[in-house]
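Numbering (mature numbering (1 follows the signal peptide of the UniProt record, and there is no 0)), first residue to last: -15 to -1, 1 to 241.
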């Protein structure tokens, strides 16, 4: 999962229109269909998942930044900023003009800086999901049911020991992990705008279901059949910061 620098974390200095209000809090997720041999897919499980569920074109082609923003919002009830801001950064890195389109395979591009090593789901030399790699991430948590910010800090430390990251790559790598634990969370995402101190205190305690996470990473599918539903509250980019910080602290404690 090497596209986190472009999709999973935002670049806060960019400005876009305000996000839409929350979508209806239902679980009427579009049906999943596996990618076919002629469909375009990239290294980001969220983008691939959105295409597999039909929120992006299933063939993975002719995708604009607005398409990404609308798809994330419609499928998860997360702010359109999760697509607008990092999507614009990815398009710029690829040299695609504003208003242009891409296919997902174009994101499999390390030269542009979009990709990086030490993925949670993919070996460094391929865009193919490794089930053994996913299961190793889940096994970093001793809890039979959950992963956490702490276990993902351990995952990041382990993966980055084998494939060191630059300082610029480390933050999006933690953001990727924060995105996953928050998307697959057991419970509601703490609202950092309403209670910043409370959200920071809760972040190390957050737990995500292992079975949800495995379906998402390994099959690039929203685990609706296991009970996953979109967030009832519109999740904002700022809600990721405390979780990312908790993962960084756990990773640092292991490396120190």
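Note that CB positions come from ideal geometry on N, CA and C, so glycine has one too.
query                                                                                                                                                                      : result
Which of helix, strand or coil does DSSP assign to residue 40?                                                                                                             : coil
If residue 62 sits next to residue 215, beta carbons under 8 Å apart, how far is it from one beta carbon to the other, in whole angstroms?                                 : 4 Å
Just how far apart, CA to CA, sit residue 218 and residue 139?                                                                                                             : 29 Å
Inspect the beta-carbon positions of residue 191 and residue 211 and report whether they are closer than 8 Å.                                                              : no
For residue 16, collect the residues of the same chain with a Cβ closer than 8 Å to its Cβ; drop the 5 residues on either side in sequence, then sort them by chain order. : 38 and 39
Pairing CB atoms from the segment 219 to 236 with CB atoms from the segment 155 to 173, are three or more of them under 8 Å?                                               : yes
Compare the C-alpha of residue 28 against each of 66, 100 and 68 and name the closest.                                                                                     : 100
Would you say residue 188 touches the ligand SAM, meaning its beta carbon is less than 7 Å from a heavy atom?                                                              : Of ligands this structure carries none, so the ligand SAM is not represented either.
Between residue 65 and residue 58, which are expected to be in contact by the criterion C-beta below 8 Å, what is the C-beta distance as a whole number of angstroms?      : 5 Å
With distances taken between CB atoms, is the gap from residue 130 to residue 201 smaller than 8 Å?                                                                        : no
Going by alpha carbons, who is nearest to residue 198 out of 133, 84 and 48?                                                                                               : 133
Does residue 51 pass the burial test, meaning 16 or more other C-beta atoms within 10 Å, or should it be called exposed?                                                   : exposed
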